[in-house]
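For the numbering used here, add 284 to where a residue sits in the sequence shown, where the first one is 1.
C-beta: ideal position from N, C-alpha, C; glycine also.
For reference, the structure discussed in these notes is given below.
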Amino acid sequence: MSKVQSRLSRRAFLQTTAVLAAGSALAACVPAAAPSTGESAGSGASADTGTATTTITYWTFWADRWGEFQQQIVDDYNATHDQLQVEMLIVPWGDLATKLLTAVSAGNPPDFSIINRGEVVEWAVRGGVMALDDFIDASAESNPDDWFPVAWGECVWEGKSYAQPFESGTYAAWYNTQLFADAGLDPAQLPTTWAEVDAAAAAITSGNATDGYERVGFIPWGSRQDLLGWLAGGEWYDEESQAVTAVTPENIAGMTWVKQYADQYGGEALERFRQGLGGGDTEDDPFYRNQIAMAWKGSWSLSSKTEYAPDVAFNVLPLPYREGADNDSINQGSACVLPTGSPQPEPAYEFLSWMSINGVAQWVPNAADMVSRKDQTEIYPNALPDNDEFRGHWKTYNDALAYAHHEPSMPARRFWNDQLSAAVDAIVLGQKTPEQALQDAQDATQRELDKALGKA
């Protein structure tokens, strides 16, 4: 049994991307991968040593200071690897998928790229990235068991691994402890269940649906809508049957929680309040401005708070869940891939493996992201205060790596996200019941999924 196959006894969750959904003809356009030869086009003789030096091309979407962090990683690699050199090209986030798709279709892709991990399954279904199983089995460093299952699982499609995880990020609950104290609540007894969130929200909220709100304790929509099902004990997709499973008692309970807030506080009134708020992770973040007391935020938000609101008193706990359910979160990140037609797959995989193990260990301290490997969770970001409080917050996010979901493993992921968002909107505005909204989202997504899988 291969190292990859040994990881497939668990359910692997995968996700897709919008740009590739528009490129449904990719599989027909992708040329067959060129057979590997002993000498690649990027190989040459080193003038100093006479040994062969191979140069590979690497495309990344990180720009600005994150691009500088990536370049430093590449520079460090080049300084310590005489026979393999890497040339990095920054392709802006919004352009990478389109340009990579074009390059793969034309038969001139880069040797290696990092993409959104949610895109891997769509690239795999369309034939745009290479399966890595043979490389992984021959590698002394890359073992799927060394990664958290939620991270590696996103890289697997129909039993084959098409990527290796780079960084990760999870979600947790933030509580403005000063607002709790001001409302007469104990900041040392923060909510862990939805019922406790409800009670705190009622105590903290200031204003009403008619005159408007000055402050709201909590709004259960507008962040990750999929969390509402998982935190109620539900699942959105059955991988084995390739069926969307939105209409279940658990998922309906999650959407009923949305309806509860819309009924109690006024769905349109809460939407007006929410739409008037500043952007998240900016100096105008409503959590920093004492406009919202409880928020669900990603691990990357800790560095933003350090920069914009270091004096706002807060605490970070695992996401609250419906009574009878359990802790849950979502893991998302990026992944290392070899585009189909990679001119030099062997040396490119050598760098891919190094990036997913060593490169990410250099990335996390600078970028304030999280790791994807089990043996690297002690790495701590340089951008965060090095004290017990923030190390505790970081641990809360790290702990979620062991129990988090990632988005459904289907090549209609972006379509599903849009349908789920539309369902939530309809519930908030009183246009549909939770059951009907989920049924409509399930039916539409199943049709789209069947088309993507060639079943319709």
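What are the boundary residues of the alpha helix (DSSP H) that Val481 is part of?
As a position in the sequence shown, residue 481 is number 197, starting the count at 1. Unbroken alpha helix (DSSP H) run through Val481: Trp478 to Ile488.
Note down, in chain order, each residue of its chain lying with its Cβ closer than 8 Å to the Cβ of Pro602, except the 5 sequence neighbours on either side.
Start at 1 with the first residue of the sequence shown, and residue 602 comes out as number 318. So the list reads Ala456, Ala457, Thr476, Asn611, Ser613, Thr680, Asp683 and Ala684, once near-sequence residues are dropped.
Kindly indicate which three-state DSSP category Asp734 falls into: helix, strand or coil?
To locate residue 734, count along the sequence shown from 1; it is residue 450. Three-state DSSP puts Asp734 in a helix.
Out of Pro604, Tyr459, Val405 and Tyr545, point me to the one whose CA is closest to Glu523's CA.
Translated into the one-based positions of the sequence shown, residue 523 becomes position 239. Of the candidates Pro604, Tyr459, Val405 and Tyr545, the one whose C-alpha sits nearest the C-alpha of Glu523 is Val405.
Consult DSSP for Asp355 and reduce its assignment to one of helix, strand or coil.
Locating residue 355 in the sequence shown gives position 71, where the first residue counts as 1. According to the sequence provided, residue 355 is Gln. The question's Asp does not apply to it. Three-state DSSP puts Gln355 in a helix.
Does the region 691-700 touch the region 405-421, meaning 3 or more C-beta pairs lie closer than 8 Å?
yes
Tell me, please, which residues DSSP counts as bridged to Phe396.
The count along the sequence shown starts at 1 and reaches residue 396 at position 112. Partner(s): Tyr342.
Buried or exposed: where does Glu732 fall if 16 or more other Cβ atoms within 10 Å of its Cβ makes it buried?
To locate residue 732, count along the sequence shown from 1; it is residue 448. Its Cβ being crowded by 16 or more others within 10 Å, Glu732 is buried.
Just verifying my parser: in three-state terms, what is the DSSP assignment at Phe557?
Along the sequence shown, one-based indexing puts residue 557 at 273. Residue state, collapsed to three classes: helix.
Exposed or buried, what is Pro376 when buried is set at 16 or more other beta-carbons lying within 10 Å of its beta-carbon?
Locating residue 376 in the sequence shown gives position 92, counting from the first residue. The residue is exposed, with fewer than 16 neighbouring Cβ atoms inside 10 Å.
With distances taken between CB atoms, is the gap from Leu368 to Pro629 smaller than 8 Å?
In the sequence shown, counting from the first residue as 1, residue 368 sits at position 84. In the sequence shown, counting from the first residue as 1, residue 629 sits at position 345. No; because the gap between Cβ atoms is not below 8 Å, this pair is not in contact.
So, helix, strand or coil for Asp522, using DSSP?
Locating residue 522 in the sequence shown gives position 238, counting from the first residue. Asp522: strand per DSSP, three-state reduction.
Take every Cβ of the region 562-582, pair it with every Cβ of the region 412-425, and state whether three or more of those distances are shorter than 8 Å.
no
To which residues does DSSP link Glu371 through a beta bridge?
Along the sequence shown, one-based indexing puts residue 371 at 87. Paired residues: Thr341.
Leaving out five residues on either side along the sequence, give the residues of the same chain with a beta carbon under 6 Å from the beta carbon of Ala721.
Counting from one through the sequence shown, the residue named residue 721 turns up at place 437. Excluding residues within five positions, the ones whose Cβ falls inside 6 Å are Ala707, Ala710 and Ile711.
Helix, strand or coil for Tyr459 per DSSP?
Within the sequence shown, residue 459 is the residue found at index 175, counting from 1. Strand, per DSSP.
Leaving aside the five residues before and after Gln354 along the sequence, list all residues of the same chain whose C-beta is less than 6 Å from its C-beta, in chain order.
Stepping through the sequence shown from its first residue, residue 354 is reached at position 70. So the qualifying residues of the chain are Thr344 and Trp346.
Which partner residues does Arg499 have in the DSSP bridge list?
Within the sequence shown, numbered from 1, the residue matching residue 499 stands at position 215. DSSP, once it has assigned bridges, lists Ser490 as partnering Arg499.
Just curious, the beta strand (DSSP E) that Leu601 is in, first and last residue?
Working through the sequence shown from its first residue, we reach residue 601 at position 317. Counting along the chain, the beta strand (DSSP E) containing Leu601 begins and ends at Phe598 to Leu601.
Between the C-alpha atoms of Asp724 and Gln730, what's the straight-line distance to the nearest angstrom?
The residue given as residue 724 occupies position 440 in the sequence shown. The residue given as residue 730 occupies position 446 in the sequence shown. Spanning the two alpha carbons is a distance of roughly 10 Å.
Would you report the Cα separation of Gln726 and Gly518, rounded to the nearest angstrom?
Residue mapping note: residue 726 aligns to position 442 of the sequence shown, counting from 1. Residue mapping note: residue 518 aligns to position 234 of the sequence shown, counting from 1. Looking at the two C-alpha atoms, the distance is approximately 14 Å.
What residue range does the alpha helix (DSSP H) around Phe419 cover?
To locate residue 419, count along the sequence shown from 1; it is residue 135. Its alpha helix (DSSP H) spans residues Asp417 to Ala422.
Could you tell me which uninterrupted alpha helix (DSSP H) segments, each at least 4 residues in length, are contained entirely in the region 633-710, listed from first to last along the chain?
644-651 and 672-684
Taking the C-alpha atoms as reference points, what is the distance between Asp734 and Leu384?
Translated into positions along the sequence shown, residue 734 becomes position 450. Translated into positions along the sequence shown, residue 384 becomes position 100. Going by the C-alpha atoms only, they are around 25 Å apart.
Going straight from the alpha carbon of Tyr545 to that of Pro504, what length do you get?
Counted from its first residue, the sequence shown places residue 545 at position 261. Counted from its first residue, the sequence shown places residue 504 at position 220. Spanning the two alpha carbons is a distance of roughly 8 Å.
Cα-Cα separation, Asn666 to Phe674:
Reading the sequence shown from its first residue, position 382 is the one you call residue 666. Reading the sequence shown from its first residue, position 390 is the one you call residue 674. So the two alpha carbons sit approximately 12 Å from each other.
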